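**Q** So in this note's numbering, spot 167 of the sequence shown is number 167, and the numbers just go up one at a time.
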Amino acid sequence: MTTGGTPRFTGLPTGDDLKEAARELLTRWRGARTSHMLADGVVRFIASGEGPTPPFPGYEHQPGIGGPLVGDWRMKPKFASVGRKTERRWVARVEPGPGADFYATGEVAGPLRRNGKRTKLYNFDAYGYTDETPALYQSHPWVLGLRPDGSAFGVLFETTWRAELDLRGDKIVCRSEGPIGGVTVIEKKHPQEVVERLSRMTGLMPMPPLWALGFQQSRYSYEPDGRVREIAEQFRRREIPCDVIWMDIDYMDGYRCFTFDSEKFPDPAALNKHLQDLGYRTVWMIDPGIKAEEGYFVYDQGREGGHFLKNPDGSEATGEVWPGKCVFPDYTREATRRWWAGLYERFMATGIDGVWNDMNEPSVFDAGPERTLPDDTPHDADEELGGEGPHTRYHNIYGMQMVRATREGISEARPDRRPFVLTRANFIGGQRYAATWTGDNLSEWRHLRWSIPMALNLGLSAQPFAGPDIGGFGGDADGELFSRWMGIGALLPFCRAHSSKDTGNHEPWSFDEMCEKVCRAALQRRMRLMPYLYTLFYEASRFGRPVVRPLFFADPHDLSLRDADDAFLLGASLLVQADVWEDDFAPSRLPEGIWRRFEPLGETDPEISQRLPTIRVRGGAILPLSPVVQHTGELPGSTLTLIACPDENGRAEGELFEDAGDGPADCSGPYRLSKLSAEKSGDAWRVKIEHTEGDYTPPERRVEAFVLVDDDHLERAELTPE
């Protein structure tokens, strides 16, 4: 949801500014004051200068000081301070060598490959953004690169200040309005190793509940509660799989957070119970803007506890948001986070399953072109975050610290269940607190095209749980655009349709009969792939692997794969080719090797299948599949189907992760990891399941196995019992 208007950005001078370019050319660049080997292939360079290195909230734990850098190192950053007083900028520069391709940089619109781009790092309410919008809702001072020889590297700049990443030419340059404490450089043979290392440094995504992987339907807003019930019942009546219904801000009493409108939503507990009886979970929105109104319990508590930001003169820092005049919690304070977490106990007691934190850049309506708090708004931050400082230092982590507190509050309110939090604003490392989506996009074909590279670059920035508003948030989709978007979105990590109240209805049945059929098939595909998808989320939570990956992960040496924007890998075993154009479609080139076409639903109406992405299975992989059900709560005890796609040697292998689909908030609890293998023995194919780890016992079920011997051609296989 947005404040509206045309996105603009002011603040840090652009790299095109001739004066700044001249300063950098004439300045004296210095090497690092010291450097430390953090792990094999990972070196942290501490900037030149006096004083201690400031904490960097992007790290889950601040790196310890290791030994000095030993031997040669390929990339050594240079540091400089440019300008004087208020115009001073801190600059760090890394030169990876000629011909490198650049990726990641967090949440960015446009192509996957980021060479030649500048990215502003200052979280911005960017409704209706384009590929030229300089800043979006999140900031990730991180670049992943590939050299022509296929070797991979990553560069992380330690700054939370308003900054810029400049990827023009062969250099990686970060310009910051505050000190850059250090630069960490990762060198690995494969880009997946780089992302895994980044994820371990900045924090692994906690395993989400299984229901959060299902399809989710949202709108700004479904109101009153009778409309919510109607939407839920329509999905079940039409047999379109759906797990979650979302509540936007119109459920609140005058947009006051942690309240309910007594006329539109008179009994939220009864509504949640009704939806849960139908197999749904519910997610409800909470914003940071708190109505400045005496007698409103959140405002009264926050003011009494000193939890709201203040102006430099000591008065309350206020701004216009949905409720009118609002104040804003200072989430950089532990005391404020504890207070905020405590507000969720009563809220979650109504049966709410998940929380959506929106507008948390923070977005302010009457605040000029950057739509946020003034630069000099002081934060009384904890020492672990860096201590007292201005908003320009803490703006980029404001949303991250909000969802940190939200997750803690949900965990305390429901310790027996995994939390689910969605956030719009975030910073690198924020994956350890919340999933994300790509903000207020539009119902346009170009926004559909950007959905894939945006999810990929977020994954390359250690945020594996991401996806777009399917169908577009602003504007009116038609049946062709909506159904095509659903086909792609159903294969991305976060799968939610969402639209604004000033648009036409955006449910699968809102357009035409063919659109409804295509959407049903797309979501049935996702449900069929759920055991495989859930296993990928396990890999992300344990090892830091992206759920969706660029094609070049299949072969980093193949230069032709490096700018593929309309295809991606879903894990290591599936390749998705998507048609993102209105007219002619030329599919991306496939990586070398066996990639057999496979339709998870079996024989499908050609009119439907031609509107869905093509799915291919890598030779040597085994896919675990489930039957089509209406929500993930129906999966336990259902048939497990194994699809083996043999490699050149007639073998295949895979992995299956299983647990109860939910459990303790700390993500502990029993689980089961199984190795899957297949080979030909005589004239018969044999598939085996071997329990390798964990003590979870799945419900009794039927297991069947097949071999994909050619495109869309399956042969039954024998199943070797454990």
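By construction, the Cβ of each residue, glycine as well, lies at the ideal position given by its N, Cα and C atoms. Quick caveat: nothing in here was measured; it's all calculated off a predicted structure.
Would you check if the distance between the CB atom of Y137 and the CB atom of E361 is smaller than 8 Å?
**A** Going by C-beta atoms, Y137 is nearer than 8 Å to E361.
**Q** Is there contact here, the segment 583-590 with the segment 465-476, by at least three beta-carbon pairs under 8 Å?
**A** These segments do not touch.
**Q** Checking 8 Å against the spacing of the C-beta atoms, do R596 and C645 come in under that value?
**A** Going by C-beta atoms, R596 is nearer than 8 Å to C645.
**Q** Quick one: what's D659 bridged to in DSSP?
**A** Looking at the DSSP assignment, D659 forms a beta bridge with Y671.
**Q** What is the rounded straight-line gap between the Cα of E388 and the Cα of H379?
**A** Each residue's Cα considered, the two are about 6 Å apart.
**Q** For N272, collect the residues of the same chain with a Cβ closer than 7 Å to its Cβ; drop the 5 residues on either side in sequence, then sort them by chain order.
**A** Answer for N272: T282, T350, G351, I352, listed in chain order.
**Q** On a Cα-Cα basis, can you pick out the residue from V183, T160, P600 that is closest to S176?
**A** Per the Cα distances, T160.
**Q** Just checking my contact of P587 with D555 at CB under 8 Å: how many whole Å lie between their CB atoms?
**A** Rounded, the Cβ-Cβ distance is 17 Å, inconsistent with contact.
**Q** May I ask which residues mark the beginning and end of the alpha helix (DSSP H) holding S541?
**A** Looking at the DSSP string, the run of the alpha helix (DSSP H) that includes S541 is 530-543.
**Q** Which residues in the same chain have their Cβ closer than 6 Å to the Cβ of D131, if we skip the five residues on either side of it in sequence?
**A** Same-chain partners within the cutoff: A109, G110.
**Q** For the segment 664-713, which segments carrying the beta strand (DSSP E) assignment without a break, of at least 3 residues, lie completely within its bounds, in sequence order?
**A** With a minimum length of 3 residues, the continuous beta strand (DSSP E) runs that stay inside the segment 664-713 are 671-681, 684-693, 703-710.
**Q** For L708, count the other beta carbons within 10 Å of its own beta carbon; 16 or more makes it buried, fewer makes it exposed. Which is it?
**A** Under this definition L708 is a buried residue.
**Q** Could you please give me the residues that DSSP links to W246 through a beta bridge?
**A** V283, per the DSSP bridge assignment.
**Q** Measure the CB-CB distance between M247 and Y222 and report whether it falls below 8 Å.
**A** In this structure, Y222 lies closer than 8 Å to M247 by Cβ.
**Q** Quick one: what's got a C-beta closer than 6 Å to R686's C-beta in the same chain, skipping five residues either side?
**A** Answer for R686: E718, T720, listed in chain order.
**Q** Check G459 in the structure and name its three-state DSSP category.
**A** Here G459 sits in helix by DSSP.
**Q** Check for me: the beta strand (DSSP E) holding P153 runs from which residue to which?
**A** Contrary to the premise, residue 153 reads as Phe rather than Pro in this sequence. That run of the beta strand (DSSP E) goes 152-157.
**Q** In whole angstroms, what separates the C-alpha of V421 from that of G182?
**A** So the alpha carbons of these two residues sit roughly 30 Å apart.
**Q** What did DSSP end up calling K517 once you bin it into helix, strand or coil?
**A** Reduced to three states, the DSSP call for K517 is helix.
**Q** In whole angstroms, what is the alpha-carbon distance linking E239 and P508?
**A** Each residue's Cα considered, the two are about 11 Å apart.
**Q** With a floor of 4 residues, list each alpha helix (DSSP H) that falls wholly inside the segment 539-619, ordered by position along the chain.
**A** Segments of the alpha helix (DSSP H) lying fully in the segment 539-619: 606-609.
**Q** How is the beta strand (DSSP E) around K76 delimited, first residue to last?
**A** Counting along the chain, K76 falls outside any beta strand (DSSP E), and DSSP gives it neither H nor E.
**Q** If you reduce the DSSP assignment to three classes, tell me which class W356 lands in.
**A** Strand, per DSSP.
**Q** Out of curiosity, what's the CA-to-CA distance linking A540 and V547?
**A** In a straight line, the C-alpha of A540 is about 7 Å away from that of V547.
**Q** What beta strand (DSSP E) runs, 3 residues minimum, are completely inside the segment 164-249?
**A** Listed in chain order, they are 172-176, 182-188, 244-247.
**Q** Looking at the structure shown, is K120 part of a helix, part of a strand, or coil, going by DSSP?
**A** If DSSP states are grouped into helix, strand and coil, K120 belongs with the strands.
**Q** K501 bridges to which residues according to DSSP?
**A** BP columns for K501 are empty, so no partner.
**Q** Pick from R114, R414, S139: whose alpha carbon is nearest that of T392?
**A** For T392, the nearest C-alpha among the options comes from S139.
**Q** Report the option in G116, D72, V173 whose CA atom is closest to the CA atom of W90.
**A** Closest by alpha carbon: V173.
**Q** Does the distance from the C-beta atom of Y255 to that of W322 stay below 8 Å?
**A** Taking 8 Å as the Cβ cut-off, Y255 and W322 qualify as a contacting pair.
**Q** Opposite D625 in the DSSP bridges: which residues?
**A** One detail in the question is off: residue 625 reads as Leu in this sequence, not Asp. In the DSSP output, where bridge partners are listed per residue, L625 has T641.
**Q** How is A717 classed by DSSP in three states: helix, strand or coil?
**A** Coil.
**Q** What number of angstroms, rounded off, separates the C-alpha of S262 from the C-alpha of P224?
**A** The straight-line gap from Cα to Cα measures roughly 10 Å.
**Q** Please list the terminal residues of the continuous alpha helix (DSSP H) segment that includes A269.
**A** Here the alpha helix (DSSP H) through A269 covers 268-277.
**Q** For T350, name the three-state secondary structure that DSSP assigns.
**A** Three-state result, T350: coil.
**Q** Quick check: what's the CA-CA separation for H713 versus D659?
**A** Each residue's alpha carbon lies about 31 Å from the other.
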